[in-house]
Amino acid sequence: MFEIHDVAYKDILHVKHLTIKKGNVTSIVGQSGSGKTTLLRLLNRIISYDQGEILFHGQPLHRVDPIALRRQVVMLPQNPAIYNGNIRDNLLIGLKFSEKPMVADDSLYKILKLMKLKKELKENTDKLSGGEKQRVALGRILLMEPEVLLLDEPSSALDESTEQLIIEVLVQYTKSNGKTMVMVTHSKKIAGQFSDEIVEIIKDQPVNQREGV
Amino acid sequence: MDGVIELQLWQMAAAYVFVVLLLFIVKVKGISREKEILIASVRMTVQLVLVGYVLVYLFNHMHPLSTIIVIAIMEAFAIHNIFKRVKKPLSKPLKKMIAVSMLLGTLTCLTYFLFVVIRISPWYDPRYFIPIAGMIIGNSMTGVSLGVSRLVDGMHAEKHLIESSLMLGATPKIAAKGVVDNAFDAAILPTINTMVGMGIVFLPGMMTGQILSGISPITAIEYQIAIMLGILGSVALTVIFFVQLGFKTFFNEENQLIIED
Ligand SMILES: Nc1ncnc2c1ncn2[C@@H]1O[C@H](COP(=O)(O)OP(=O)(O)O)[C@@H](O)[C@H]1O
Ligand SMILES: [Mg+2]
């Protein structure tokens with residue numbers, strides 16, 4: 001899916017070689033400030049690399065239309081954005097942004113159930129807890145059915161048991177729908193439990209690739 | 214123009230009593246603003262007297278070039294004033310868009326207003342051209358200043374939200390829509406409020422001047438209505454040009470947000 005060759009972004013990140021395989025769950029681990037978020041941002045092309053090459057389906061990333069790319073390679077940022085409005089608006093906004101057809105309420109309730117949220121769609125989002133907001137933002141991305149899910153610490157606001165449940169759902173979704181998932185996590189336990197591949201980023205050291213558990 | 218009371222020099226001087234009064238008050242209250250008040254009064258007097266003589270000269274020596282030069286100076290001054298008024302660092306492309314939208318918006322409105330609504334002749338008649346241009350450019354300047362402030366503030370404040378929208382595949386236009394709409398709204402609201410209060414809360418300076426100098430209030434009001442609509446049109450047009458061109462300067466050709474922290 002992605003092949004990264006000798007890519008550098010400022011002095012922040014250097015990736016000698018890294019392949020992200022289609023259908024895999026890849027976990028990115030490493031200390032904070034090591035460049036994990038930067039790597040996801042490069043793949044979503046919200047920033048551009050200074051040197052080297054990233055191939056997406058064998059095509060150089062800078063040749064792919066950035067907006068079309070982001071609709072296929074969607075990124076969930078570390079602090080997910082919540083928009084003014086209710087839960088329905090927030091779930092549907094990804095479809096709206098990416099100009100995909102809207103879906104009916106029963107699909108939205110299915111997503112809420114998947115995300116273990118017992119909420120009404122008309123409920124306003126400003127009263128939601130951090131963990132609930134994070135799951136609304138995750139649900140928004142699942143609705144978009146992108147090829148690749150780039151998730152930056154998707155469970156950072158969740159307690160340990162909910163984290164387990166949600167990551168399991170995400171991995172199952174990825175596997176059963178033939179999607180690809182790249183997830184930044186600071187939990188080695190989660191990484192070890194769910195990944196096909198673990199990539200560790202060490203500060204100021206070029207990235208190397210090794211097999212996960 | 215009979216019935217107009219020509220102000221004598223001593224009558225003008227008597228009006229300065231208000232300045233003396235103000236100076237006395239701030240002195241007693243211990244507010245150290247004497248210098249500013251004096252400077253403001255002197256500047257107001259000198260500037261208006263100079264403008265008076267310039268206008269007399271221009272009206273007596275009508276020439277297309279002199280009208281064009283005056284308009285150019287007004288535009289340059291207005292654009293420079295916007296740069297100065299907005300207390301934010303402005304990028305080069307954004308400054309360019311401010312200038313482009315001011316010129317495009319005000320000149321379009323001015324042309325329509327002078328040649329379609331009022332139908333002045335000759336086309337460069339400074340008696341109409343200059344005061345109307347002044348009002349249209351001045352009000353557009355205020356509107357665009359507000360729009361610039363709100364757009365720059367909004368783009369910085371909503372940086373995270375805008376970027377998150379891009380990450381979901383939104384176009385820059387959609388991602389920045391909330392900020393752009395807000396900026397437009399804030400920029401034209403004062404003009405709309407002015408229209409609502411017009412004639413009740415205040416009589417506009419131009420109309421007051423015309424009535425005082427002997428023109429029938431009905432004629433003065435006809436002009437005022439036309440001018441007010443022209444101002445509304447120009448403010449709306451310059452601001453819409455500005456926000457539509459301006460928001461794009463916050464994105465690069467790869468549709469990435471470029472805001473330096
Ligand atoms: N646009 C940028 N300009 C300068 N420094 C940045 C920029 N983005 C991130 N950084 C810095 O790069 C380093 C890596 O950031 P990040 O990728 O967010 O790390 P992680 O997600 O692993 O915690 C940090 O020190 C961060 O402050
Ligand atoms: Mg990070």
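Residue numbers (my numbering), protein chains in the order written: chain A, 1 to 213; chain B, 214 to 474.
Ideal Cβ positions, reconstructed from N, Cα and C, are used throughout, including at glycine.
Computed from a prediction, not measured in an experiment: that's the story for all the values here.
Residue from the options with nearest C-alpha to residue i
| i | options | result |
| --- | --- | --- |
| residue 146(A) | 290(B), 321(B), 341(B), 380(B) | 380(B) |
| residue 311(B) | 357(B), 333(B), 335(B), 266(B) | 357(B) |
| residue 307(B) | 296(B), 431(B), 316(B) | 296(B) |
| residue 202(A) | 1(A), 163(A), 14(A) | 14(A) |
| residue 59(A) | 194(A), 151(A), 1(A), 77(A) | 1(A) |
| residue 11(A) | 178(A), 204(A), 76(A) | 204(A) |
| residue 224(A) | 36(A), 21(A), 22(A) | Because chain A is modelled from 1 through 213, residue 224(A) falls outside the range shown and cannot be assessed. |
| residue 22(A) | 97(A), 168(A), 5(A), 150(A) | 150(A) |
| residue 105(A) | 135(A), 83(A), 184(A), 122(A) | 122(A) |
| residue 181(A) | 51(A), 25(A), 124(A) | 25(A) |
| residue 449(B) | 353(B), 251(B), 323(B) | 353(B) |
| residue 309(B) | 465(B), 458(B), 473(B), 472(B) | 458(B) |
| residue 355(B) | 246(B), 298(B), 228(B), 239(B) | 298(B) |
| residue 109(A) | 135(A), 127(A), 129(A), 126(A) | 135(A) |
| residue 183(A) | 63(A), 148(A), 119(A) | 148(A) |
| residue 140(A) | 87(A), 175(A), 57(A), 61(A) | 87(A) |
| residue 288(B) | 351(B), 330(B), 427(B) | 351(B) |
| residue 441(B) | 424(B), 428(B), 408(B), 465(B) | 408(B) |
| residue 404(B) | 234(B), 443(B), 427(B), 465(B) | 443(B) |
Nearest-angstrom Cα separation, counted from residue j out to residue i
| i | j | result |
| --- | --- | --- |
| residue 32(A) | residue 159(A) | 20 angstroms |
| residue 467(B) | residue 376(B) | 13 angstroms |
| residue 301(B) | residue 389(B) | 19 angstroms |
| residue 373(B) | residue 81(A) | 7 angstroms |
| residue 399(B) | residue 359(B) | 7 angstroms |
| residue 347(B) | residue 249(B) | 26 angstroms |
| residue 333(B) | residue 344(B) | 13 angstroms |
| residue 320(B) | residue 89(A) | 42 angstroms |
| residue 219(B) | residue 430(B) | 19 angstroms |
| residue 461(B) | residue 99(A) | 20 angstroms |
| residue 410(B) | residue 445(B) | 14 angstroms |
| residue 8(A) | residue 314(B) | 39 angstroms |
| residue 198(A) | residue 152(A) | 14 angstroms |
| residue 155(A) | residue 78(A) | 9 angstroms |
| residue 166(A) | residue 194(A) | 12 angstroms |
| residue 478(B) | residue 341(B) | For chain B, the structure presents residues 214 to 474; residue 478(B) sits outside this window and is missing. |
| residue 367(B) | residue 463(B) | 11 angstroms |
| residue 208(A) | residue 68(A) | 29 angstroms |
| residue 362(B) | residue 406(B) | 19 angstroms |
| residue 439(B) | residue 371(B) | 39 angstroms |
| residue 470(B) | residue 84(A) | 21 angstroms |
| residue 213(A) | residue 452(B) | Below a pLDDT of 50, predicted positions are generally treated as unreliable, and residue 213(A), at 38, falls in that range; the measurement from the model is reported next regardless. Roughly 58 angstroms between the two C-alpha positions. |
| residue 114(A) | residue 170(A) | 9 angstroms |
| residue 317(B) | residue 261(B) | 28 angstroms |
| residue 476(B) | residue 412(B) | No answer is possible for residue 476(B): it lies beyond the span of chain B, which begins at 214 and ends at 474. |
| residue 382(B) | residue 101(A) | 14 angstroms |
| residue 192(A) | residue 200(A) | 12 angstroms |
Cβ neighbours of residue i in the same chain (closer than 8 angstroms, five flanking residues each side left out)
| i | result |
| --- | --- |
| residue 387(B) | 378 |
| residue 339(B) | 268, 271, 272, 275, 279, 280, 283 |
| residue 41(A) | 47, 75 |
| residue 163(A) | 155, 187, 190 |
| residue 44(A) | 69, 70, 73, 74, 75, 150 |
| residue 253(B) | none |
| residue 138(A) | 76, 80, 115, 151, 154, 166, 170 |
| residue 472(B) | 368, 369, 372, 463 |
| residue 239(B) | 245, 246, 247, 250 |
Own chain residues within Cβ distance below 6 angstroms of residue i, not counting five before or after
| i | result |
| --- | --- |
| residue 211(A) | For residue 211(A), the predicted model reports a pLDDT of 45, less than 50, meaning its position is unreliable; a value from the coordinates is still stated below. Around residue 211(A): no qualifying Cβ. |
| residue 420(B) | 433, 437 |
| residue 3(A) | 19, 55 |
| residue 206(A) | 14, 16 |
Closer than 7 angstroms: residue i CB and nearest ligand 4 heavy atom
| i | result |
| --- | --- |
| residue 12(A) | Among the ligands present in this structure, namely ligand 1 and ligand 2, ligand 4 is not found. |
Residues near residue i by beta carbon distance below 7 angstroms, same chain, minus five either side
| i | result |
| --- | --- |
| residue 456(B) | 360, 364, 393, 396, 397 |
| residue 143(A) | 91, 94, 95, 103, 111 |
| residue 277(B) | 337 |
| residue 5(A) | 17, 52, 53 |
| residue 263(B) | none |
Original post:
In chain order, which alpha helix (DSSP H) runs of at least 4 residues are fully inside the segment 52-104 of chain A?
Top reply: 66-72, 87-97
Original post:
Got a sec: which bits of the segment 378-397 of chain B sit with their beta carbon under 7 angstroms from any beta carbon on chain A, in order along the chain?
Top reply: 378, 379, 380, 381, 382, 383, 384, 387
Subject >> the segment 48-78 of chain A: positions lying closer than 7 angstroms to chain B by Cβ >> reply: 48, 66, 67, 70, 71, 74, 75, 77
**OP:** Please list the residues of the segment 154-175 of chain A that have a C-beta atom closer than 9 angstroms to any C-beta atom in chain B, keeping them in chain order.
**Re:** none
Subject >> Residues within the segment 239-258 of chain B neighbouring chain A, beta-carbon criterion of under 9 angstroms >> reply: none
Original post:
Can you list, in chain order, the stretches of the beta strand (DSSP E) that have 3 or more residues and sit fully within the segment 10-37 of chain A?
Top reply: 13-20, 25-30
Subject >> Residues within the segment 92-113 of chain A neighbouring chain B, beta-carbon criterion of under 7 angstroms >> reply: 94, 97, 98
**OP:** Quick one: which residues of the segment 34-48 of chain A get their C-beta closer than 7 angstroms to a C-beta of chain B? List them in chain order.
**Re:** 44, 45, 46, 47, 48
Subject >> Continuous alpha helix (DSSP H) assignments of at least 4 residues falling wholly in the segment 269-307 of chain B >> reply: 277-298
**OP:** Pull out every residue of the segment 359-379 of chain B whose Cβ sits closer than 8 angstroms to any Cβ of chain A, in chain order.
**Re:** 373, 374, 376, 377, 378, 379
**OP:** Closer than 8 angstroms, Cβ to Cβ, to anything on chain A: give me those residues from the segment 447-471 of chain B, in chain order.
**Re:** 467, 468, 469, 470
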